[in-house]
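Read through the structure below, which is laid out as structure tokens, and then see the notes.
Protein chains in written order, with our numbering: chain C, -15 to 345; chain L, -12 to 223.
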């Protein structure tokens, strides 16, 4: 929610009334807690979705004992991990070991600040917008390196190095794809979504930037470390990579960070390429529906959120299906793909976008 | 208050970069310095630069430092190192630094300095921002690509030189080195690739058993024994 606060500036930054500004700022707790609740429910839904879809692909029944249709399976898993013994490696670096998963989760959770769930339903309508996600996802490799190093295990260390190398390699095509979109409008998410609202789903950025969409899809799958880019957590090669020595709630934090990253990537795909919260069926001759979209009424907001989540489900389905269909790539093939294939293609996409600005498409 | 928290964390982290015994801790405190500095930049209103700090400094430079420090076997620094012999030169450099800082800092903002004058704080509302405000990115682009484009191109050339330098330092000379794809060669003609430890080639029976190992994981021929131990690959 965008709450208009008046900008009061003081020259002397040590003034005593600075304290009251922060007390008034505490009202932001309510939207933040709401978003955290939504995200947690979203992660539980994704875990259930993954198990159901993977079961369907592998022609078996998914979870069926915990709750009806296995809905409570994710909560059961979380409770089990919460109650497990917290093992610490005896000669590893305990502080780095403990802080590592937290950094991975923190960097992903902070990215939810800039996702618009509806018209004026952003937690922080920043001028830099999407770039906050790109910048904060650069902190995640630090957490992986810390957890790999602190485990005192050469396979974890190797897995941590590989995970960090993979993360930093695929940031660059991601950034270049976002740059190609933001050449048309600024990085502010509201404007990006509103620029796609004119012709229904023919106005999506997907059609304006098809190459960018594919590169963004592959790069965000690689950033989330999901298959086929799963090598840091590979069971055959590295036991469990940088997650080997973790048990209990710290392992649950890694698990959570993985699914949170997947959710935030899919939400960004909808915002950047699939038209965000716009009701994208063109030429519906029902003017009330569009007016409801623009109004800040509860019904309009609910429809917007529902549309965003429905579009995000498309990317989630694609990524879960990809995980259970394609084999894993080797680390040198992975890094080759990132540096030698996706980076030139995204640079070419940028070139195409800038040259098409001349024709003003 | 946030300003005091961020700047004190930045100063303490900077101190700990130098004083940490483990070099990995040193680089991690270095990362903390950048995080706090990026927060200070946000307080100054330079949001784009704060994000650039995160992307470039933490995401690239600090990760590079971490790779180097973690992979090389750098010994943890000795506890009983004599620190006092650095005191004369470092004391002079520290005093020069403090002298420069007193020149730069505004006297009003530090109430503890002896030159503090009693001033009241002014408050004003920035009306210009409400009419039309450019984001950081717009102002940067407006200047960097029009008036100062030469410097932009020169900095890209400097980065190109750095990249070429890295490639030159690490590239093998490909004219003299014969390279081969060992997996493909093995798939085509494994008898000539694999050789036993004492220099003999594999006999037909041993080649058959090796193939069984590769395909099925265990030999199905009974009575298999290795005479002399492991098989070795030969690069010819």
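Cβ coordinates follow ideal geometry from the N, Cα and C atoms, glycine included.
**OP:** Look at the alpha carbon of residue 193 of chain L and the alpha carbon of residue 199 of chain L, and state the distance between them as a whole number of angstroms.
**Re:** As the crow flies, the alpha-carbon of residue 193 of chain L is around 10 Å from that of residue 199 of chain L.
Original post:
Which of the residues in the segment 111 to 145 of chain C, read from start to end, lie with their CB under 8 Å from any CB of chain L?
Top reply: 111, 112, 115, 116, 118, 119, 120, 122, 123, 125, 126, 129, 130, 133, 141 and 145
Original post:
Under 9 Å between C-beta atoms, does residue 148 of chain C make it to chain L?
Top reply: yes
Original post:
If you drop the 5 nearest sequence neighbours on each side, which residues of the same chain put their C-beta closer than 6 Å to that of residue 195 of chain L?
Top reply: When the five nearest sequence neighbours on each side are left out, no beta carbon in the same chain lies closer than 6 Å to the beta carbon of residue 195 of chain L.
**OP:** Give the DSSP-derived three-state secondary structure of residue 158 of chain L in the structure shown.
**Re:** coil
Subject >> Below-9 Å beta-carbon distance, residue 316 of chain C vs any chain L residue >> reply: no
Subject >> Within-9 Å CB hit, residue 343 of chain C to chain L >> reply: no
Original post:
Within 9 Å (strictly less), CB to CB, does residue 220 of chain C reach chain L?
Top reply: Here residue 220 of chain C scores only 49 on pLDDT, less than 50, and its place in the model should not be relied on; the value that follows carries that caveat. No Cβ of chain L is located within less than 9 Å of the beta carbon of residue 220 of chain C.
**OP:** Note down, in chain order, all residues in the segment 168 to 184 of chain C with a beta-carbon under 9 Å from any beta-carbon belonging to chain L.
**Re:** 170, 171 and 172
Original post:
So, is the C-beta of residue 11 of chain L closer than 9 Å to a C-beta in chain C?
Top reply: yes
**OP:** Leaving aside the five residues before and after residue 37 of chain C along the sequence, list all residues of the same chain whose C-beta is less than 6 Å from its C-beta, in chain order.
**Re:** Around residue 37 of chain C: 304.
Original post:
On the three-pair Cβ rule with 8 Å, is the segment 177 to 195 of chain C touching the segment 128 to 135 of chain C?
Top reply: no
Subject >> Enclosing alpha helix (DSSP H) for residue 150 of chain C [first to last residue] >> reply: 138 to 166
Original post:
Within 9 Å (strictly less), CB to CB, does residue 152 of chain C reach chain L?
Top reply: yes
Original post:
Do you know whose CA, among C:245, C:309 and C:330, lies nearest residue 151 of chain C's CA?
Top reply: With distances taken between Cα atoms, residue 151 of chain C lies closest to C:245.
Original post:
What residues in its chain sit with their C-beta under 7 Å from that of residue 112 of chain C, if we drop five residues either side in the sequence?
Top reply: 171
Subject >> Pairwise C-alpha distance: residue 75 of chain L and residue 242 of chain C >> reply: 52 Å
Original post:
Sorted by chain position, which residues of the same chain lie with C-beta nearer than 6 Å to residue 0 of chain L's C-beta, five sequence neighbours on each side aside?
Top reply: 16, 19 and 20
Original post:
Of the residues C:137, C:14, C:197 and C:209, which one's Cα is nearest the Cα of residue 318 of chain C?
Top reply: When the alpha-carbon of residue 318 of chain C is set against those of C:137, C:14, C:197 and C:209, the nearest one is in C:209.
**OP:** Given a cut-off of 9 Å, decide if residue 312 of chain C and residue 238 of chain C are closer than it, judged by their beta-carbon atoms.
**Re:** no
Original post:
Going by C-alpha distance, which of C:44, C:334, C:115 and C:61 is nearest residue 51 of chain C?
Top reply: C:61
Subject >> Boundaries (first-last residue) of the alpha helix (DSSP H) holding residue 86 of chain L >> reply: 74 to 91
Original post:
With 16 as the cutoff for other CB atoms within 10 Å, does residue 120 of chain C come out buried or exposed?
Top reply: buried
**OP:** Write down the C-beta distance between residue 288 of chain C and residue 102 of chain C rounded to the nearest angstrom, noting that I regard them as a contact closer than 8 Å.
**Re:** Right, the Cβ-Cβ distance comes to about 3 Å (below 8 Å), so this counts as a contact.
Subject >> Own chain partners of residue 224 of chain L with C-beta closer than 6 Å, once the 5 adjacent residues on each side are dropped >> reply: Here chain L has residues from -12 to 223 only, and residue 224 of chain L is not among them.
Subject >> Residues from the segment 58 to 71 of chain C in contact with chain L, defined by Cβ distance under 8 Å >> reply: none
**OP:** Return the CA-CA distance between residue 302 of chain C and residue 126 of chain C, expressed in angstroms with no decimal places.
**Re:** 28 Å
**OP:** Give a yes or no on contact between the segment 86 to 106 of chain C and the segment 57 to 76 of chain C, applying the rule of three or more CB pairs nearer than 8 Å.
**Re:** no
Original post:
Hey, which unbroken runs of the alpha helix (DSSP H) at 4 residues or more fall wholly within the segment 50 to 128 of chain C?
Top reply: 57 to 66, 78 to 94 and 114 to 120
**OP:** For residue 150 of chain L, count neighbouring Cβ atoms within 10 angstroms of its own Cβ and tell me buried if that reaches 16, exposed if not.
**Re:** exposed
Original post:
residue 290 of chain C to residue 63 of chain C, Cα distance in whole Å?
Top reply: 29 Å
**OP:** Starting from the beta carbon of residue 155 of chain C, find every residue of chain L whose beta carbon is closer than 7 Å, and list them in chain order.
**Re:** 46
**OP:** Take residue 128 of chain C and list the residues in its own chain whose beta-carbon comes closer than 8 Å to its own, dropping the five residues that flank it on each side.
**Re:** 84, 88, 144, 147, 148, 151, 216 and 226
Subject >> DSSP three-state assignment for residue 12 of chain L, whether helix, strand or coil >> reply: helix
Subject >> Neighbour-count burial assignment, residue 81 of chain L, 16 or more Cβ in a 10 Å radius >> reply: exposed
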